Amino acid sequence: MDPTIKSMFQDEHAAEGAAHFGVSLRDLTFIGGFQNFIYSYTRDEQQYILRFTPSTLRSAEEVAAEIEWIRYLSDNGVSVTASVPSITGKDVEHIQGDPIDFFATSFEHASGKKIGYPECLGNPSLYEQCGRITGRLHERTKHYTPKVKRHTWESNHYLIRARDYLPAELQPVLDALDELKKELTKLPINADTYGLIHGDINVGNFTVDDSCRITLFDFDECQYSWYAEDIAIQLYYLLYVFGEDSKPERKVQFEQFMNYFELGYTADGRQMPDDWKDQLKLFLRLREIIVVVGMHRSWDLSQPDEWTRDFLRDSRMRISNRISLIDEL
Numbered sequence: 001m002d003p004t005i006k007s008m009f010q011d012e013h014a015a016e017g018a019a020h021f022g023v024s025l026r027d028l029t030f031i032g033g034f035q036n037f038i039y040s041y042t043r044d045e046q047q048y049i050l051r052f053t054p055s056t057l058r059s060a061e062e063v064a065a066e067i068e069w070i071r072y073l074s075d076n077g078v079s080v081t082a083s084v085p086s087i088t089g090k091d092v093e094h095i096q097g098d099p100i101d102f103f104a105t106s107f108e109h110a111s112g113k114k115i116g117y118p119e120c121l122g123n124p125s126l127y128e129q130c131g132r133i134t135g136r137l138h139e140r141t142k143h144y145t146p147k148v149k150r151h152t153w154e155s156n157h158y159l160i161r162a163r164d165y166l167p168a169e170l171q172p173v174l175d176a177l178d179e180l181k182k183e184l185t186k187l188p189i190n191a192d193t194y195g196l197i198h199g200d201i202n203v204g205n206f207t208v209d210d211s212c213r214i215t216l217f218d219f220d221e222c223q224y225s226w227y228a229e230d231i232a233i234q235l236y237y238l239l240y241v242f243g244e245d246s247k248p249e250r251k252v253q254f255e256q257f258m259n260y261f262e263l264g265y266t267a268d269g270r271q272m273p274d275d276w277k278d279q280l281k282l283f284l285r286l287r288e289i290i291v292v293v294g295m296h297r298s299w300d301l302s303q304p305d306e307w308t309r310d311f312l313r314d315s316r317m318r319i320s321n322r323i324s325l326i327d328e329l
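Take the sequence shown: its position 68, counting from 1, is numbered 68 in UniProt numbering, and each next residue is one higher.
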């Protein structure tokens, strides 16, 4: 979380948002958030999520577009956490602040449990289920005509603000980003390659129940982009934990994910996106840059721990040399 934004969000904002959804401040339990302020609460013996989105991150129209798409997916057989209207029937409640505002939204609590590290690694059944829900999501978005449109990949917050968040010594990262954006604009855009994607599928943003069904949540990063980006993001977070001295393990992880993810994605007769394998390296590089930008935005890196120090060193090397996590496997 941007420290400046964090200081602007007060208990009075949380209390006002809670009231809109029929509870009080004391009913809220803060559970975190990297860009938003996320709480859980219980009402009528049911558990819910309450999210506050800063107006510096999203407009009211963008939040409304997110909710509209979530509802469409839920109504069309994709396992997602449905939005919950306020007590006056609104999807988005506007909380006025000074100097920024916040948008309050609520969602059902996802059933099942999260699978973190290291349980998510070397997990074929999980990768197959990731492929299945991603395939369903991409299939549905091909037939989706929104009333309000989300932004495209070029307007991703981290890409727009990269120069604000990165220190001067990381100019090579910015140069690499500029070149990569030019490469991406050359990719074909058609119904089989490009549409509205989740934008941040990873083990932190879904749960798995006893029948191995995934429930997907946190659509805050949904945007128009290539379907291959949705795949590359998942792959990135399963590979980046292996340092440069663990390339054999990274290769095994990569091959296993690719095999089982494709098996799930193509279930029920679906086809993989055109040229997706050729595009993976580009989007792995893009995700690495976004992660580095995000770390510099939200973390105190003056005294990083050993893993963070090594990761940033290796990331800077890969980004500067225009290589991805799978280039040398």
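Ideal Cβ positions, reconstructed from N, Cα and C, are used throughout, including at glycine. Here the structure is a predicted model, which means the values were calculated and not measured.
- Where T193 is concerned, there is no enclosing alpha helix (DSSP H), because DSSP gives it neither an H nor an E.
- At the C-beta level, H157 and L235 stay beyond 8 Å of one another.
- If you draw a straight line from the Cα of I49 to the Cα of F254, it is about 33 Å long.
- For the options I233, F206, H151, the alpha carbon positioned closest to that of S111 is the one of F206.
- As DSSP reads the structure, F52 sits in a beta bridge with F37, A104.
- Listed in chain order, the non-local C-beta contacts of Y127 below 6 Å within the same chain comprise F257, Y260, F261, local neighbours out to five positions each way being set aside.
- Around the beta-carbon of Q46, fewer than 16 other beta-carbon atoms lie within 10 Å, marking it exposed.
- Put simply, the backbone Cα of E93 is about 12 Å away from that of E61.
- Residue L121 holds the alpha-carbon nearest to the alpha-carbon of V252 among L263, L121, E108.
- Taking C-alpha positions only, E12 is separated from G22 by approximately 15 Å.
- Under the criterion of beta carbons closer than 8 Å, L216 and V80 qualify as touching, at roughly 5 Å.
- Restricting attention to alpha helix (DSSP H) runs no shorter than 4 residues, the stretch 94-145 encloses them at 124-141, ordered along the chain.
- The beta carbons of F107 and T53 sit about 12 Å from each other, so the pair does not count as a contact at 8 Å.
- I31 sits in a strand when the DSSP states are folded into three classes.
- Across the structure, G269 and D300 are spaced so that their CA atoms are roughly 47 Å apart.
- Collapsing the DSSP output to three states places I323 in coil.
- Non-local beta-carbon contacts of V148 in its own chain, meaning distances under 7 Å to residues more than five positions away in sequence, involve E61, A64, A65, E68 in chain order.
- Listed in chain order, the beta strand (DSSP E) elements of length 3 or more contained wholly in the stretch 175-225 are 194-197, 206-208, 214-216.
- Exclusion of the five residues before and after R150 leaves E62, A65, E66, W69, L196, C222, Q223, Y224 as the residues of its chain whose Cβ lies within less than 8 Å of its Cβ.
- Shown here, S24 sits in coil according to DSSP, grouped into three states, outside any helix or strand.
- Here I38 is buried, its C-beta having at least 16 other C-beta atoms within 10 Å.
- When C-alpha distances from A228 are compared across D209, L286, G204, L238, the shortest belongs to L286.
- The continuous alpha helix (DSSP H) containing E255 extends over residues 247-265.
- Considering only W276, E244, D314, Q271, the residue with the shortest C-alpha distance to L329 is E244.
- Per DSSP, reduced to three states, the secondary structure at V80 is strand.
- A distance of 8 Å or more separates the beta carbons of A15 and S7.
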